[in-house]
Each structure stands twice: as structure tokens, then as C-alpha cells.
Amino acid sequence: MPTATPTMMPDIANQTQAQTEGALDWVGMSNIEMPLVVGAANEPERPVSALVDAFVNLKDPKAKGIHMSRLYLLLEDLSNNDVLSHQSLGKLLHDFIDSHDGLADQAYVKFSFDYHLRRKALISKKPGWKAYPVTVVGRYDDGQLYLQLGVEVPYSSTCPCSAALARQLIQDAFADQFGTDADVDAELVHRWLGTTQGIVATPHSQRSVAEVKVVMGEQISELPIIALIDAIEHALQTPVQAAVKREDEQEFARLNGQNLMFCEDAARRLQHALNQQSAFSDFWIRVNHYESLHAHDAVSITTKGIPNGFKA
Numbered sequence: 145m146p147t148a149t150p151t152m153m154p155d156i157a158n159q160t161q162a163q164t165e166g167a168l169d170w171v172g173m174s175n176i177e178m179p180l181v182v183g184a185a186n187e188p189e190r191p192v193s194a195l196v197d198a199f200v201n202l203k204d205p206k207a208k209g210i211h212m213s214r215l216y217l218l219l220e221d222l223s224n225n226d227v228l229s230h231q232s233l234g235k236l237l238h239d240f241i242d243s244h245d246g247l248a249d250q251a252y253v254k255f256s257f258d259y260h261l262r263r264k265a266l267i268s269k270k271p272g273w274k275a276y277p278v279t280v281v282g283r284y285d286d287g288q289l290y291l292q293l294g295v296e297v298p299y300s301s302t303c304p305c306s307a308a309l310a311r312q313l314i315q316d317a318f319a320d321q322f323g324t325d326a327d328v329d330a331e332l333v334h335r336w337l338g339t340t341q342g343i344v345a346t347p348h349s350q351r352s353v354a355e356v357k358v359v360m361g362e363q364i365s366e367l368p369i370i371a372l373i374d375a376i377e378h379a380l381q382t383p384v385q386a387a388v389k390r391e392d393e394q395e396f397a398r399l400n401g402q403n404l405m406f407c408e409d410a411a412r413r414l415q416h417a418l419n420q421q422s423a424f425s426d427f428w429i430r431v432n433h434y435e436s437l438h439a440h441d442a443v444s445i446t447t448k449g450i451p452n453g454f455k456a
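Residue 410 in the numbering used here sits at position 266 of the sequence shown, with consecutive numbering throughout.
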């Protein structure tokens, strides 16, 4: 039988022009599901399951569209043959533009994934897994490479106002129990303080989340995920725990009592800590206190405040 002559498949993106002319800021794909290997500084390379956004601009007003499959295949190559790092991210963005010669001169990519760390308990040092949501953003624009790292860190915040009100109630209960007698028996007071009548009120606290984004400098070769998480948790002092024994829960209660925080206090702690980090040229911070007293949240937002930098 004669062999059929293969027919040329139509290529609409290349062979037709736009019905309505106009340049477009970004064109691409979002929520691409893809496994990756992440190279974080001072940590072994580890696999993650990521959602990826990939875009280029369309600067030719007459072009029908971009070549989305080319962006996808470049991501596929990164997934199979490379590690997500400062260097590979820069190369990926350049390859996005090179694959669209004449169509694009700007590129954007965003990776979102959970980064799991084994963290030790406060006193017992029992290890447990914690998942930190991470975003890595890269943008190539006007010949400049811009790389951004974002993390979300959960912690506990205890209200200074409710702590003061609880202390007042405890003082009142003490006065009711022992009066103004200067010769109070210390052992009796000690036993009383161990009862519910002794600690008649406790301050309210709530799980909170610090969302932090930083701009990474050119000198960074590996993603400083752990360094950023550590800086946040060290500044706040009350990160949520994984595995805990009673001694860990007691220490957690002590840390909460010694680190009373409104959302304003937490934001200022983080602001101060990140101002000391020379590796980050800019930062954006949002702290969310998911109130146990109110049905709404308490929020504070701040930035480094540099010209043309992050806006609150």
C-alpha cells in the first residue's frame, strides 16, 4: 500500500495574526502541578510537590499568542534534570525569553510548595515534622533579575492586655484569701497558688502566622529557606511545636508568658530582625493574630521602606 504523505499540522500561533492588535503584560499558565528538587542552603536537597505559575510578556501587538508548550517543557526539564536554586531560576527565566525570540523580553515564574523540617521540642528535644508554606518568585525585567523568597511561619501570641487583667484578678483573689496580713505563711500561699482559686484567670493567646517575603541579593547561591525561618522563629520566641511532652508544654507556657505580643509588637520584632540581615535587600511582613477573644483577626503589615521596594 502506498504510504500516506504526512500533512503539515496548522500552527495558529505562528501562522495567524491577532484579530485585535495589542501588546500584553503577561501571558502564560498558572497552577501547574510539578515535582521539584529544592536546594536550600545548609540542607540536603529534597523533593517537593509544587504548583507553578509561568509567564512571559507578549510585546508584539500583531502576534496571535505565545508558545505555552515551550514554557512547560522548560519547567519539565528543570523538574527532571536540575535543582531549584538561585542559579537555575535565573537560567530558567532567560530560557523563557530565548524560547520566545521577538515575542517577549520579560519573564516571570512562581513556585509554591510546603517545605518540611524536623524541629526539636523545647526541653525534651523530641523531633517532629513541621510544614512551612514557601513561595519562590523570579522575574526578569529590563535586563534585571529579581528573585524573591516567601515563607509562612506559625507561632503563638499572648495578649498583653488580657495578661494584665488576669494578673489583677489574681491579685484581688490573693487579697480576698489572705487579706493584708504581713505574716502570711509561705507554704500556705504556695499550695494556694497551685489551685484553680489561686490562678483565677489566664490571659488569652492564639495561633498566629507571620507571612514574610524577602528579596534575595545576587550573592546568594542557594535558597536561604531555613535561615529565614530560623530568623523569624528566633525573633518571635514562641513558634508552634510538633512533638511535645509535659516539660515542653510547660516551657511553651513560660515563653508565652515572657513574650506577650500585640500584632504590632510581633511586626516590629520581625522588622528589627530582618533589618539586620544584609543578604536581603528588601522585605515585606504581615502578621496575622487569629483572635480567640474576637471573631475577627488582628493584623499588622510593614516593609523595609526602600524606594521602589515593597508596598504595604
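Yeah, the Cβ is synthetic: ideal placement off N, Cα and C, and Gly gets one too. Quick caveat: nothing in here was measured; it's all calculated off a predicted structure.
Is the Cβ-Cβ distance between serine 352 and proline 298 less than 8 Å? It is a contact, given that the beta carbons lie within the stated cut-off.
Check whether the Cβ atoms of isoleucine 373 and valine 295 sit closer than 8 Å, and answer yes or no. Yes.
Going by the beta-carbon positions, is the gap between valine 253 and leucine 236 smaller than 8 Å? Remark: C-beta atoms of valine 253 and leucine 236 approach each other more closely than 8 Å.
Span of the beta strand (DSSP E), counted from its first residue to its last, around aspartate 169: Bounds of the beta strand (DSSP E) holding aspartate 169 are 168–182.
Nearest candidate by alpha-carbon position, reference alanine 184, set Met178, Thr302, His260, Thr346: Nearest Cα to alanine 184 within the set Met178, Thr302, His260, Thr346: His260.
Tell me which same chain residues have a C-beta within less than 8 Å of the C-beta of isoleucine 370, skipping the five on either side of it? Here the set comprises Ala184, Ala185, Asn186, Glu187, Leu261.
State buried or exposed for histidine 334, treating a residue as buried only when at least 16 other CB atoms are found within 10 Å of its CB. The residue is exposed, with fewer than 16 neighbouring Cβ atoms inside 10 Å.
Helix, strand or coil at valine 452 according to DSSP, with G and I counted as helix: Looking at the sequence provided, one finds asparagine at residue 452 rather than valine. Shown here, asparagine 452 sits in coil according to DSSP, grouped into three states, outside any helix or strand.
With H, G and I counted as helix, E and B as strand and the rest as coil, what does DSSP make of glycine 401? Helix at glycine 401.
Would you tell me roughly how many angstroms separate the C-alpha atoms of threonine 447 and proline 368, rounded to the nearest one? Taking the straight line from one Cα to the other gives about 19 Å.
Among the residues of its own chain, which have a CB less than 6 Å from the CB of phenylalanine 255, if the five just before and after it don't count? Correct list, in chain order: Ala194, Val196, Val280.
Which of helix, strand or coil DSSP assigns to glutamate 366: DSSP places glutamate 366 in coil when its eight states are reduced to three.
Is isoleucine 450 buried or exposed, if buried means 16 or more other CB atoms sit within 10 Å of its CB? Classified as exposed, isoleucine 450 has fewer than 16 neighbouring CB atoms from the shown chains inside 10 Å of its CB.
Where does leucine 233 land, buried or exposed, given buried means 16+ other C-beta within 10 angstroms? With 16 or more Cβ atoms within 10 Å of its Cβ, leucine 233 is classed as buried.
Cβ neighbours of glycine 272 in the same chain (closer than 6 Å, five flanking residues each side left out): Correct list, in chain order: Ala386, Ala387.
Which word fits alanine 439, buried or exposed, when buried means at least 16 other C-beta atoms lie within 10 angstroms of its C-beta? Flag for alanine 439 reads exposed.
Simplified DSSP state of glutamine 225, which is helix, strand or coil: A small correction: the amino acid at residue 225 is asparagine; glutamine does not occupy that position in the sequence shown. Annotated three-state conformation of asparagine 225 is helix, per DSSP.
The beta strand (DSSP E) that contains proline 191, what's its start and end? Per DSSP, proline 191 belongs to the beta strand (DSSP E) from 190–202.
Determine, using beta carbons only, whether alanine 410 and valine 431 come nearer to each other than 8 Å. Closer than 8 Å, so yes.
Selected residue, minimal CA-CA separation from aspartate 316, among Ala330, Ile343, Thr302: The shortest Cα separation from aspartate 316 among Ala330, Ile343, Thr302 belongs to Ile343.
The stretch 239–250 contacting the stretch 298–314, beta-carbon criterion three pairs below 8 Å: They do not touch, by the three-pair rule.
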